[in-house]
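These notes are about the structure you will find just below.
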Amino acid sequence: MAKEHKQSCSCGCSHEHKHEHKQEGESCGCAMCQLENLTGLAEDCEDKACDCHHHHEQEQCSCGHHHHHEHHHEHGSCSCGCGHEHKHEHKHEGESCGCAMCQLENVKLSEEAAPAASAAPSKEKKAFVLPELSMPLMALIAVAAVLLSAVPGLSLLKGLFYLIPTLLWGKLLFTRGWKAAKRRQLDEHVLTSIAVIAAFLIGEYFEAMMVVILFAIGDWLEVKAVQRSRKDIAAVVNIRPQKANLILPNGEVQNILSKKLRIGDKIQIKVGERVPVDSVILEGQSTMDRSAITGESIAVGVQPGDRVLSGEVNLSAVLTCRCETTYDNSTASKIIQLVEESSAQKGETEKFITRFAKYYTPAVLVMAILTVIVPPLLGWGSFRMWLSRALVFLVASCPCALVISVPLAFFSGVGAMSKQGVLLKGTKFIEPLANAKYIVCDKTGTITTGELQVSKVEQFSDSYDMKAVSALAEKYSDHPVAQAICRAFGSGMEAEVKQVEEFAGKGVSLLMDGKKVLCGSARLMKEQGIAMDSVPEANVYTAVDGQLIGCVMLSDVPRSDAASTMKQLKAQGVERTVMLTGDSAISAAVVKEQVGMDEMHCALLPQDKSRLMKELKQKGKTTVFVGDGINDAPVLAAADIGFAMGLGTDAAIESADAVLMSDSLSALPKVMETAKRTVSIVKANIVFILISKAAVLLLGLTGYAPMWLAVVADVGVSVLTVLNAVRILNVKN
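What follows is the structure, given as structure tokens:
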């Protein structure tokens, strides 16, 4: 199965990547390429990163392994930010070179990749087992080299003593560097290899040995840190069960792969099991844990006829259900797909990092060359002294910590939000969400439940019980307004009723004990000749024999968490909360006061809402709109970030930038807090990395930082920032 894709490299080269994979389930693994479009397809093997090689068949790639399967791609640059063009064909067999970048590229969100990977341990995994076993031995060799070099009479063999551990520890470094140099790729392996060789040539044997030892240990630590992050991210959305209990026509239960389920199949869901596909309950009553889907920790009771979504956990009793979707179209699959694809839409900070990486390595290389040439020409010291200092620049020349930790932090933010019941369709929305100042909400179905309630009653005459007469008339109508009145006032008075007539969308008329009763809108009253002078504005009026006897005001029922949500948003720095509605001002005002909104706009058409949103954006404030995702497409598009409230509906997912998976607003302040935390961690990582790099370069220039210290700083910064980025996943529902 061939598939092609085009993407920008995240290394900073800004070139276009074109790939064509010749086998089903293949993944290109060139540095940072897969981070552009993280996938978790069940067919993918766990490790396929290529580490950027030329044509080779049955030859060793830069990771030191032999590979067989084929995929072709060409791309604009490596991960180091050198900006060079590379074209290469690979023949790998599900392998990765094992570097931290390759580990980061292959973040798997679907759980099916795990069995495939664990069934047959790959060479890549062995590559990381062997160094762990041989590290003590190689450490002893290094110590022996240091001791032997100090023995009187053996000083002439000092270089040889240091060369042996340097070659042992630096095998992977030199192999990768040689492969990269052959394709004219200026990456960290090439530059560090040059620095080590140059150090040997000028007699800095201990420095050279320490650089390769620390580089190898650091590479191992980096990989371990990123491997942990991969597992943490995958665990967040690992919500699809691989197996399902299919009920056969003869009543037997067969355990099959969930992907084989078809619409209409009957399945059994046991206590403690996840729902494999969206289904309808046929038999049984239970409680469901929906936290993986909606972010809500409170279990929900279900019974026959209720719908359960894939990813929910059955807590208390066995259920028999009918499948309503296939495995790939289930709610859990949509969640995983959105989280995977979110990395393709990058924010301003991520784009800055790619631009920075493009220029950083060449700039540091130029600085290293100038350091070697200029000071000696000015008589500020020997050539050897400045060459030694310039080598520090080479070792510190790769911005790996930035190109790994920043995208990882943003992707972790998306994963954390999915844990809270919100699907963000791109990491580019995290920064605007963190800075949101205007929260604009549609009223019906968003701030309110959409269920009408009587909010106020006024009686103009004591001759009749207005509530009883209104209920008597409205029970002959199925309109939502009529149903709300009947719920509030009961079934009405006892009377002989004749000549019932319903006016579509306006109201009802009838004869009650021979007297004509009208119950409906102001428009109906005017059409029937009822005097409407000096009466308050209301939703429903009631008249008997041409005389108004009272009116009723109705409003939507606010969601139980709407008021508390608005308070939390204001506490988080939101400046204005705005309500938009197509309803009249009188009903909207009631909701506004109950919920505590700052501003409202009434009697709006969809285009009016879009216009108002654009006006708010012109004030220079980041705007967030929350609607039902079905009738609000124009205003969703006009907002900086559009949230749709829709529990797995296709319309909501298609029209919005983010989806609130529960019918609740409470997740909004949670994800805003997560967005702020993500941006804060990203900024902290960037500042820490840049200050550390600058300090190493400055110390190297002044002669206070040996090469081995530059390696320690580079590796330490990378590991710390990766671990810091993964902290974002530690959120509470």
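Position 403 of the sequence shown, counted from 1, bears residue number 420 in the numbering used here, the numbering being contiguous throughout.
Backbone N, C-alpha and C define an ideal beta-carbon position, used for all residues, glycine too.
Whether residue i touches residue j by CB criterion (8 Å)
i	j	result
Ile-273	Leu-265	no
Thr-463	Val-574	no
Ile-256	Ala-309	yes
Phe-410	Leu-716	no
Met-689	Leu-450	yes
Asp-482	Met-510	yes
Val-325	Cys-340	no
Val-498	Asn-556	yes
Leu-469	Ala-501	yes
Ile-745	Thr-695	yes
Leu-278	Val-294	yes
Leu-535	Ala-505	no
Asp-459	Thr-598	yes
Glu-448	Thr-366	yes
Ala-712	Leu-408	no
Val-213	Thr-183	yes
Leu-440	Met-614	no
Val-641	Ala-656	yes
Opening and closing residue of the alpha helix (DSSP H) in which residue i lies
i	result
Gln-500	497–506
Arg-193	188–199
Ile-211	205–218
Asn-452	Counting along the chain, Asn-452 falls outside any alpha helix (DSSP H), and DSSP gives it neither H nor E.
Asp-731	724–743
Gln-756	The structure shown has nothing for residue 756, since the chain only spans 18 to 750.
Val-699	684–719
Gly-484	The residue asked about is misnamed: residue 484 is Lys in this sequence, not Gly. Run containing Lys-484: 483–491, per the alpha helix (DSSP H) assignment.
Ser-308	308–311
Buried or exposed (CB count within 10 angstroms, at least 16 for buried), residue i
i	result
Phe-400	exposed
Glu-269	exposed
Ala-588	exposed
Met-583	buried
Tyr-558	buried
Gln-516	exposed
Thr-444	buried
Ala-730	buried
Val-288	exposed
Asn-702	buried
Ala-727	buried
Ser-699	Per the sequence presented here, residue 699 reads as Val, with Ser not at that position. Val-699 is buried by the Cβ-count criterion.
Asn-123	Residue placement at Asn-123 is flagged as unreliable, the pLDDT there being 45, under the threshold of 50; the coordinate-derived value follows with that caveat. Under this definition Asn-123 is a buried residue.
Ser-683	buried
Asp-530	exposed
Pro-686	buried
Gln-437	buried
Pairwise C-alpha distance: residue j and residue i
i	j	result
Trp-195	Asp-345	44 Å
Val-643	Phe-660	5 Å
Leu-218	Lys-710	26 Å
Glu-518	Leu-489	13 Å
Ser-572	Lys-626	20 Å
Val-743	Val-607	44 Å
Ser-681	Ile-566	39 Å
Val-335	Asp-306	14 Å
Gly-301	Asp-495	32 Å
Ile-234	Thr-343	46 Å
Val-736	His-206	18 Å
Glu-492	Ser-508	The displayed chain sequence assigns Lys, not Glu, to residue 492. Going from the Cα of Lys-492 to the Cα of Ser-508 covers about 7 Å.
Leu-394	Lys-241	45 Å
Ala-722	Lys-260	56 Å
Val-356	Val-431	7 Å
Gly-590	Lys-693	11 Å
Val-734	Asn-741	10 Å
Terminal residues of the beta strand (DSSP E) in which residue i lies
i	result
Val-317	317–319
Val-457	455–459
Lys-260	260–264
Leu-469	465–476
Leu-753	Nothing can be reported for residue 753: it is not among the residues displayed for the chain, which extend from 18 to 750.
Ser-296	296–300
Arg-339	336–340
Gln-202	Note, Gln-202: premise wrong, no beta strand (DSSP E); not H, not E.
Ile-280	Element bounds for Ile-280: n/a, residue is neither H nor E.
Alpha helix (DSSP H) runs wholly inside the region 520–570, at least 4 long, in chain order: 539–544
Complete runs of the alpha helix (DSSP H) confined to the region 356–439 [at least 4 residues]: Runs of the alpha helix (DSSP H) inside the region 356–439: 365–394, 400–412 and 417–436.
Alpha helix (DSSP H) segments (min. 4 residues) lying fully within the region 594–680: 602–612, 623–634, 650–655 and 667–672
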